[in-house]
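Q: For the record, the sequence lines run as chains A and B.
The opening residue of the first sequence carries number 1 in this note's numbering; numbering runs sequentially from there.
The opening residue of the second sequence carries number 114 in this note's numbering; numbering runs sequentially from there.
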Amino acid sequence: DGGITQSPKYLFRKEGQNVTLSCEQNLNHDAMYWYRQDPGQGLRLIYYSQIVNDFQKGDIAEGYSVSREKKESFPLTVTSAQKNPTAFYLCASTVTGTSNTQYFGPGTRLTVL
Amino acid sequence: AQSVTQLGSHVSVSEGALVLLRCNYSSSVPPYLFWYVQYPNQGLQLLLKYTTGATLVKGINGFEAEFKKSETSFHLTKPSAHMSDAAEYFCAVSDRRNTGNQFYFGTGTSLTVIP
Numbered sequence: 001d002g003g004i005t006q007s008p009k010y011l012f013r014k015e016g017q018n019v020t021l022s023c024e025q026n027l028n029h030d031a032m033y034w035y036r037q038d039p040g041q042g043l044r045l046i047y048y049s050q051i052v053n054d055f056q057k058g059d060i061a062e063g064y065s066v067s068r069e070k071k072e073s074f075p076l077t078v079t080s081a082q083k084n085p086t087a088f089y090l091c092a093s094t095v096t097g098t099s100n101t102q103y104f105g106p107g108t109r110l111t112v113l
Numbered sequence: 114a115q116s117v118t119q120l121g122s123h124v125s126v127s128e129g130a131l132v133l134l135r136c137n138y139s140s141s142v143p144p145y146l147f148w149y150v151q152y153p154n155q156g157l158q159l160l161l162k163y164t165t166g167a168t169l170v171k172g173i174n175g176f177e178a179e180f181k182k183s184e185t186s187f188h189l190t191k192p193s194a195h196m197s198d199a200a201e202y203f204c205a206v207s208d209r210r211n212t213g214n215q216f217y218f219g220t221g222t223s224l225t226v227i228p
């Protein structure tokens, strides 16, 4: 089945540790996105990538980093510089040049202990 | 930049009653318009979208939305609410002119269905 997978579903980390969230898609989509979701705030864009080896900062990129070495993969690293990392993280992808419909993965809930 | 306003962060309806969730956007050029649904601890699922053509769009689970250019609105409706409709709903827009494919989301509306 085609789709977007995110792992793990739940993640716990201690303060001061970096952690990497996985996002993989087999939809052959060009563009991929990372969002952060907090209660009552909707979705906020962290980073996005339209092609391999290129990515752009979103609205809240500070304390996060990404890579796009393969078309199907777009991992997100939450660094120790992110002051309030506890949140629900969503990955999405789309085909460029169309109606821009974004398709979402199931999300990863990160909790900092 | 685009902006999306969802009026009412919480909406409660009785089972069987009409569901109306409001969405307004700000743009001089009509964007692509979307409604997504999110169940607890899950990703967003596309309900419906408007790109061009007929302004009344039908989606999954009996939902529909109407694009009204004069009102810059894209309200979501369902004639008869079901308990399974209880979820968070997000309106989103994407600029037709923007090759970055960025989405702009509203802050969401939590729908409660009262038995």
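Every residue, glycine too, gets a C-beta built ideally from N, C-alpha and C.
What you are looking at is a predicted structure, and each value in this text was computed from that prediction instead of being measured.
If the criterion is Cβ atoms closer than 7 Å, does the pair A:Leu76 and A:Leu21 meet it?
A: Their beta carbons are under 7 Å apart, which means A:Leu76 touches A:Leu21 by this criterion.
Q: For B:Glu65, report the span of its beta strand (DSSP E) as first-last.
A: No answer is possible for residue 65 of chain B: the residues shown for chain B start at 114 and end at 228.
Q: For the candidate residues A:Asn28, A:Glu15 and A:Asp38, whose alpha-carbon lies nearest to that of A:Gly107?
A: When each option's Cα is compared against that of A:Gly107, the closest is A:Asp38.
Q: Tell me which residues of the segment 19-45 of chain A have at least one Cβ-Cβ distance to chain B shorter than 9 Å, keeping chain order.
A: Flagged, chain order: Asp30, Ala31, Tyr33, Tyr35, Gln37, Gly40, Gln41, Gly42, Leu43, Arg44 and Leu45.
Q: Restricting to Cα atoms, I'd like to know which of A:Ile51, A:Leu11, A:Thr94 and A:Arg13 is closest to A:Lys71.
A: When each option's Cα is compared against that of A:Lys71, the closest is A:Ile51.
Q: For B:His123, count the other beta carbons within 10 Å of its own beta carbon; 16 or more makes it buried, fewer makes it exposed. Which is it?
A: Its Cβ having fewer than 16 others within 10 Å, B:His123 is exposed.
Q: To the nearest angstrom, how far is it from the Cα of A:Phe88 to the Cα of A:Leu11?
A: Cα to Cα, the separation comes out at about 10 Å.
Q: Does A:Phe74 come within less than 7 Å of chain B when only Cβ atoms are used?
A: Output row for A:Phe74: interface = no.
Q: Please confirm if the segment 58-72 of chain A is in contact with the segment 123-136 of chain B, defined as three or more CB-CB distances below 8 Å between the two stretches.
A: The segment 58-72 of chain A vs the segment 123-136 of chain B: no contact.
Q: Just to confirm before moving on: does the CB-CB distance between A:Leu90 and A:Phe104 stay below 7 Å?
A: Cβ distance < 7 Å, so A:Leu90 and A:Phe104 count as in contact.
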